[in-house]
Amino acid sequence: MPQAPGSRAPGTLSGRAIVTIIGADRVGIIAGISTVIADAGVNILDISQSVMRDFFTMIMMVDLGASDVSFDALRERLVRKGEELGVRVEIEREEIFKAMHRV
Amino acid sequence: MKHLGFSGEEILETINMVRTEKLDIRTVTVGISLFDCVAGDGATLCDNIYDKVTRIGRDLTRVSAEIAREFGIPIVNNRIAVTPVSLIAGRCDAAALTRVAETLDRAAHALGVDFIGGFSAHVEKGMTRIDAGLIEALPTALAATKRVCASVNVGSTRAGLNMDAIAAMGRTVKAIAAATAAQDSIGCAKLVVFCNAVEDNPFMAGAFHGASEADCVVNVGVSGPGVVLRAIEEAGDVDFGALTAVIRRTAFKITRAGELVGRAASARLGIPFGIVDLSLAPTPAERDSVARILEAIGLDGVGTHGSTAALALLNDAVKKGGAMASSYVGGLSGAFIPLSEDAGMIEAAARGTITIDKLEAMTSVCSVGLDMIAIPGDTPAETLSAIMADEAAIGMINRKTTAVRVIPVAGKGVGDWVDFGGLLGRAPIIPVHTMSSRRFVARGGRIPSPLQALIN
């Protein structure tokens, strides 16, 4: 079978994901989200923040490889923490961004 | 971000496509061959079909939901397409064929999929006894089931048009409308009359698993009229070269997302990946509309002069973007122009600025045909057949797929509204020509296949 775009073999996923946090800036957002990520045994590879399209935006790349928490469970924890902090948090596997933005 | 190969802007673009522009995977369709279900008696056949469909499709909805969450892209529908029933039903009569349809319905229900396609026959050259039985069974089968979709291929560029079959299909659509009169003739929304049907189309109601396909396959249908609309609006008043580039780029991105999802689904289901079908398939949601795209290209309202040209450039640019994005683009891939499923089309029909004639012209350059059009319930069978013949002729001569899915709504006339619910949408009933085509349809026989040279 031919190779999928952006992945090593069909269905093989890198284990990396992008966490996006969008909302109004306030104290404790990075701390709160980072704690959820660390508690899940997930490693933060990179982090950037900026104001884009009038929203405060933070983007993290994380590595799920060493975590024993499922993708769904991590996603639920992040969304819940986001609600507590009043920001929108999403996590998606990196492959979707690679597929759409890189040839 | 040094670890990323992409920028924050790109990440947000993807997220916005999903959140605000309604990019979605319209369907993950698993095609299943039923050839090995063939049996000497109808009851065993039905058991075999039920067992195979529920075995192969067992994990479909769970895997789809998982993938949707992980990639952040909604998967709207999960569907099953099977080998055309006319090819595997042996000696079944119309009553036994209805039981096959009911079996498919039960299997779809058990899997939690909303539609199962393949109650189909190919009769472009001639009709076997079993094809005739299947067509005869359509009114009862479509009235007795909720999830079964049917299609009949009545013509092709190679074979010409089977006018006897087209005459039969006019009567059949009338009978389906009557059999489902209590639900605004919704049975007709589950039947497609094709010319040049394709074997790997994942979109309903016309999906079936062609005879040339493997034992099972995952096909993905991606949509995204809202995303294309936004891109065109952002581009502003650029010339056509720049405009088509914008559409191509957008189609490329959408198709790549579709291929990723298709391959992930394939790996997790353990079923080979087939094709990704990038079709701009509208929904009744306001901006998820092909009509709105045509208007953004520069028309005050869809249906006015220029609509056909605008649709032609859209359809072609979508195909070009999609073809560059994936090695396996298939299905219908283009722009759909259903009436009741597209907010802009519904508005134009209510205003009276789109007619069945203009829709027919537009189908010569769109990806399929006359789709989800509600017409008066007293439309004669011969007129329905003549509409099918016109549409099939466009497909035959232009070497493309065309289809007719019209609903002569029992008991309703021009100006009445009909609401099919959900993605099937709602529409005002639009008029058809009232001068009779009876003598034309009554001739019988076949319209011969066309020359493939001297094509001007």
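From first to last, the protein sequence lines stand for chains A and B. So in our numbering, spot 19 of the first sequence is number 545, and the numbers just go up one at a time. So in our numbering, spot 447 of the second sequence is number 1028, and the numbers just go up one at a time. Ideal Cβ placement from N, Cα and C applies to all residues, glycine included.
Is there a C-beta anywhere in chain B that falls below 7 Å from the one on ILE597/A? According to the sequence as given, residue 597/A is Phe; it is not Ile. At a cut-off of 7 Å between beta-carbon atoms, PHE597/A makes contact with chain B.
Based on DSSP bridge pairs, tell me the residues matched to GLY612/B. In the DSSP output, where bridge partners are listed per residue, GLY612/B has ALA662/B and VAL798/B.
Distance, Cα to Cα, ILE630/B vs CYS618/B? Approximately 6 Å between the Cα atoms of the pair.
Identify every run of the beta strand (DSSP E) within the stretch 719-794 of chain B, keeping only runs that are complete inside it and at least 3 residues long; order them along the chain. Counting only runs of at least 3 residues, the stretch 719-794 of chain B fully encloses the following beta strand (DSSP E) elements, listed from N- to C-terminal order: 729-737, 741-743 and 772-776.
Going by beta-carbon coordinates alone, are LYS1013/B and ILE956/B separated by less than 7 Å? According to the sequence shown, residue 1013/B is Val rather than Lys. Against a cut-off of 7 Å, the Cβ pair of ILE956/B and VAL1013/B comes out as a contact.
What do you get for LEU1035/B, buried or exposed, if any count of 16 or more other CB atoms within 10 angstroms of its CB means buried? LEU1035/B should be labelled exposed.
Can you list, in chain order, the residues of its chain with a C-beta nearer than 8 Å to that of LEU841/B? Leave out the 5 residues immediately preceding and following it. Answer for LEU841/B: PHE652, listed in chain order.
How would you call GLU972/B, buried or exposed, if buried means at least 16 neighbouring beta carbons within 10 angstroms? The residue in question, GLU972/B, is buried, as its Cβ has 16 or more Cβ neighbours within 10 Å.
Pairwise C-alpha distance: VAL987/B and ASP952/B: Cα to Cα, ASP952/B sits roughly 6 Å from VAL987/B.
Straight-line CA distance for GLY612/A to LYS624/A? Rounded to whole angstroms, GLY612/A to LYS624/A spans 29 Å at the Cα level.
Would you kindly check if the distance between the Cβ of THR738/B and the Cβ of MET977/B is under 7 Å? Yes, the Cβ-Cβ distance between MET977/B and THR738/B is below 7 Å.
Alpha carbon to alpha carbon, how far is THR546/A from ARG614/A? Give it in angstroms, no decimals. Roughly 8 Å between the two C-alpha positions.
Which residues in chain A sit within 7 Å of THR595/B, going by Cβ to Cβ distance? Those are ILE622, PHE623 and MET626, listed as they occur along chain A.
May I ask you to verify whether the stretch 984-1002 of chain B touches the stretch 757-774 of chain B, counting CB pairs closer than 8 Å and requiring at least 3? Yes, they touch.
Look at the Cβ atom of GLY1039/B, then the Cβ atom of VAL871/B, and state whether they are nearer than 7 Å. Outside the displayed range of chain B (582 to 1037) lies residue 1039/B, so it cannot be described from this structure.
Is the stretch 932-939 of chain B touching the stretch 1019-1032 of chain B, taking contact as three or more C-beta pairs under 8 Å? No contact exists between the stretch 932-939 of chain B and the stretch 1019-1032 of chain B.
Who are GLU616/A's beta bridge partners in DSSP? GLU616/A is bridged to THR546/A.
Rounded separation between CYS797/B and ARG639/B - CA only: Rounded to whole angstroms, CYS797/B to ARG639/B spans 13 Å at the Cα level.
Assess, as a yes-or-no matter, whether the stretch 667-682 of chain B is touched by the stretch 705-713 of chain B under the definition of 3 or more beta carbon pairs within less than 8 Å. Output reads yes: the stretch 667-682 of chain B touches the stretch 705-713 of chain B.
Of the residues that make up the stretch 603-615 of chain A, which ones have a beta carbon closer than 8 Å to any beta carbon in chain B? Residues passing the 8 Å Cβ filter: none.
With 16 other CB atoms within 10 Å as the buried threshold, where does MET1016/B fall? Exposed: under 16 other Cβ atoms inside 10 Å.
Heavy atom of the ligand NAP within 6 Å of ASP820/B beta-carbon: This structure lacks the ligand NAP; in fact it carries no ligand of any kind.
Could you tell me which residues DSSP pairs with GLY915/B in its beta bridges? When DSSP reads this structure, GLY915/B sits in a beta bridge with SER860/B.
Cα-Cα separation between THR635/B and HIS790/B, rounded to whole angstroms: Approximately 16 Å, taken between the alpha carbons.
Just to confirm the assignment, what range does the alpha helix (DSSP H) spanning GLY839/B have? Here the alpha helix (DSSP H) through GLY839/B covers 821-850.
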